[in-house]
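Position 205, counted from 1, in the sequence shown is what our numbering calls 456; the numbers after and before it change by one each time, with no gaps.
For every residue, glycine included, the Cβ atom is placed at its ideal position computed from N, Cα and C.
These figures come from a predicted structure and were not determined experimentally.
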Amino acid sequence: MRERTDVLIVGASASGTCAAVQAGRMGRRVIVCEPSPWVGGMLTAAGVSAIDGNNMLPSGLWGEFREALRAHYGGADRLETGWVSNTLFDPRVGERILRLWINALDTVDLRLGWRCTAVERAGDRITGARFVSAAGSQQRSIDATVTILADEYGDGVVAAGLPWRVGLEARDETGEPAAPEVALPHPQDFTWCATIGAPPSGFADASPGPTFAPGDEYERILGDPPITWNRLLDYGRLPGDLLMLNWPTQDCYGDYLDPSTRAEVTAAGRRKTARLIRALAGAYGSAIRRPRVYPGGSYALIPYIREARRIRAIATMTTAALTAPHESSALLSSVAVGDYPLDHHRANDPHAPRIDFPSISAFCVPYGVLVPAGTGGVLVAEKSIGVTGLVNGCTRLQPVVMQLGQAAGAAAALCVSLGCEPGSLPVGVLQSVLLDAHAYLVPAIDAPASHAAYRALHWCATHGVLGLRYRSEGWANRAWIDPDEPLSADAAARAAAALEGDASHGARASHEAARIACRIAREAGQAVRAGRPPARHEFASRIYGVVVEASGGSARSSG
Numbered sequence: 252m253r254e255r256t257d258v259l260i261v262g263a264s265a266s267g268t269c270a271a272v273q274a275g276r277m278g279r280r281v282i283v284c285e286p287s288p289w290v291g292g293m294l295t296a297a298g299v300s301a302i303d304g305n306n307m308l309p310s311g312l313w314g315e316f317r318e319a320l321r322a323h324y325g326g327a328d329r330l331e332t333g334w335v336s337n338t339l340f341d342p343r344v345g346e347r348i349l350r351l352w353i354n355a356l357d358t359v360d361l362r363l364g365w366r367c368t369a370v371e372r373a374g375d376r377i378t379g380a381r382f383v384s385a386a387g388s389q390q391r392s393i394d395a396t397v398t399i400l401a402d403e404y405g406d407g408v409v410a411a412g413l414p415w416r417v418g419l420e421a422r423d424e425t426g427e428p429a430a431p432e433v434a435l436p437h438p439q440d441f442t443w444c445a446t447i448g449a450p451p452s453g454f455a456d457a458s459p460g461p462t463f464a465p466g467d468e469y470e471r472i473l474g475d476p477p478i479t480w481n482r483l484l485d486y487g488r489l490p491g492d493l494l495m496l497n498w499p500t501q502d503c504y505g506d507y508l509d510p511s512t513r514a515e516v517t518a519a520g521r522r523k524t525a526r527l528i529r530a531l532a533g534a535y536g537s538a539i540r541r542p543r544v545y546p547g548g549s550y551a552l553i554p555y556i557r558e559a560r561r562i563r564a565i566a567t568m569t570t571a572a573l574t575a576p577h578e579s580s581a582l583l584s585s586v587a588v589g590d591y592p593l594d595h596h597r598a599n600d601p602h603a604p605r606i607d608f609p610s611i612s613a614f615c616v617p618y619g620v621l622v623p624a625g626t627g628g629v630l631v632a633e634k635s636i637g638v639t640g641l642v643n644g645c646t647r648l649q650p651v652v653m654q655l656g657q658a659a660g661a662a663a664a665l666c667v668s669l670g671c672e673p674g675s676l677p678v679g680v681l682q683s684v685l686l687d688a689h690a691y692l693v694p695a696i697d698a699p700a701s702h703a704a705y706r707a708l709h710w711c712a713t714h715g716v717l718g719l720r721y722r723s724e725g726w727a728n729r730a731w732i733d734p735d736e737p738l739s740a741d742a743a744a745r746a747a748a749a750l751e752g753d754a755s756h757g758a759r760a761s762h763e764a765a766r767i768a769c770r771i772a773r774e775a776g777q778a779v780r781a782g783r784p785p786a787r788h789e790f791a792s793r794i795y796g797v798v799v800e801a802s803g804g805s806a807r808s809s810g
């Protein structure tokens, strides 16, 4: 049987689900196929229901998801149950929220239990994909104007014949100082998570907990110096007296990306987590419960993988975009933001080199990482985007992949509307749609969607009209645009140069609008020198009003 749709999404992962919601909200016909019985990927089916990063950057659907969680549980403080995150939740609740979003859209057709068997192409263009039902009794061929590959492993990337890579590239390939001298073709370690029950009062600090023999894989689970078992188990304490088991010592090494070894490798990870649960039950008895959180019980439906096959895209994000954001072009075409550090799990890989990860800033992710080089009709999301192996350590987290999925869904919908390929989509148009959806284009924690000059501030930052102030704070990197601060003479001069030069990447709606904007910037500089500096948000609003709003939004189609 052959069908037709505007947007086809392979995989209802965290990004695939967000792509479906965004494209559906834009009125496009969407079919999303997922082999498992749940939507949400690592957010839900993989059991990683403790959000990493972006606590002060509630961009787009990620922010909407968090608000839905807060509404369900009765406030932000009800989600702060474990010390690993500010947002923890029962995976069933997260899956229910995402499913409700999809069910509210008549244009989105969700098909669970359908596995992709082939990605179809005509010449250098992807035209759709083929699927088979879980029982193998039904097959479907689906043609699409735009296909989004968003599965967990990047199997769709392979099926589409797209060039890809995995592991860590060599230093001479990427130019990254922290990269190893010799490439490492192994993905990061994975974890098979579980969600178990625990007593409301926790575990007594004096309790010895499980003990492990010397040389056991869990021998050093409490660290050195050791923490208490109560402290360890509170790491992933979820609302409703549940515990998320996703501790680094559960990590496993193996080639889970190779379909021929995947089942064996991931099953070993599930057995390793089972050993930990048995040890906890042996030490705490009935205090450890095994509720039916997932359709099969307490074990997550799918393993949590930290790396997938990554495409060779029209833009490749390297660590330079993280360590020198002022010099990066990522701002120009940004569609997502993050603040998580470079965090890799490779302790179980005997071949992994020692890497001195650099301190990074809050960052932007450019649109080009979603677009495969040399192939039309397709966008790629989840963990298969065009980043280096090092950068994957901070772009793989839940809020970032949710934003990338939303950007992919918006881009696909726009390509259908405008009749263009993803590689030629005007980025300014995409960014405008994302701003409509309260997404962040820059990681400024003081420019939320509730700010009166929200659009102007984000537009001016991406166009070099206003700069950001960055500070690395370890596990929570920060950036500010300082909207209420007075404009400085240097900032006014930089704004004038950006508006006059190529830094505006053609975003000037007309020669007249550009001339007026440059005049505003020069006049602002004169006002600063006269002791009457405008606030930065006032300056941004004036520039944005001339270049974008006064021109009827035509500047949004540039870029």
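Neighbour-count burial assignment, residue i, 16 or more Cβ in a 10 Å radius
i	result
Arg255	exposed
Cys269	buried
Gly757	In this predicted model, Gly757 has a pLDDT of only 43, less than 50, meaning its place in the structure is not dependable enough to derive any value.
Leu642	For clarity, residue 642 is Val in the given sequence; the question names Leu instead. Buried, by the Cβ-count rule.
Asp303	buried
Ser537	exposed
Gln682	buried
Arg376	exposed
His595	buried
Gly405	buried
Gln439	buried
Val433	exposed
His602	exposed
Thr512	exposed
Pro436	exposed
Thr626	buried
Leu685	buried
Ser755	Only weak support is given to the placement of Ser755: the predicted model assigns it a pLDDT of 42, under 50, and the value that follows is read from those uncertain coordinates. Buried: at least 16 other Cβ atoms inside 10 Å.
Leu349	buried
Glu346	buried
Counterpart residues of residue i in DSSP-defined beta bridges
i	result
Asp394	Arg255, Gly379
Met568	Val638
Glu285	Leu363
Glu371	Gly379
Met495	Thr446
Gly548	Tyr545
Ala827	One cannot answer for residue 827 here, as it falls past the ends of the chain, which runs 252 to 810.
Ile472	None, per the DSSP bridge assignment.
Val261	Cys284, Leu400
Cys503	Phe441
Ser675	Note: Ser675 sits in no beta bridge, so no partner.
Leu435	Leu419
Ile562	Trp415
Ser384	Trp365
Val489	Residue identity check: residue 489 is Leu in the sequence provided, not Val. Paired residues: Leu493.
Tyr555	Thr442
Arg706	Its beta-bridge partners do not exist; DSSP assigns none.
Arg540	Gly448
First and last residue of the uninterrupted alpha helix (DSSP H) at residue i
i	result
Glu346	342 to 354
Ile528	510 to 535
Ile771	762 to 780
Phe790	787 to 795
Leu483	480 to 485
Trp313	311 to 324
Asp406	406 to 410
Anticipated Cβ contact below 8 Å, residue i with residue j, distance rounded
i	j	result
Tyr555	Cys444	5 Å
Lys634	Glu558	6 Å
Phe454	Asn497	Contact flag wrong, Cβ pair sits at about 18 Å.
Gln273	Ala700	Not confirmed; about 16 Å, so no contact.
Gly644	Glu420	Not really, about 13 Å apart at Cβ, beyond 8 Å.
Arg488	Thr332	5 Å
Element boundaries [beta strand (DSSP E), containing residue i]
i	result
Val631	629 to 631
Leu361	359 to 363
7 Å Cβ cutoff, residue i in contact with chain C
i	result
Asn599	Of the protein chains in the structure, only one exists, and it is not chain C.
Closer than 6 Å: residue i CB and nearest the ligand PLP heavy atom
i	result
Ala319	This structure does not include the ligand PLP; it has no bound ligands of any sort.
Next item on the list: Quick one: which unbroken beta strand (DSSP E) runs of 3-plus residues sit fully inside the segment 709 to 756? Chain order, please.
Entry: 720 to 722, 729 to 731
Check: Going along the chain, which unbroken runs of the beta strand (DSSP E) with 3 or more residues stay wholly within the segment 585 to 668?
Finding: 585 to 589, 614 to 617, 629 to 631
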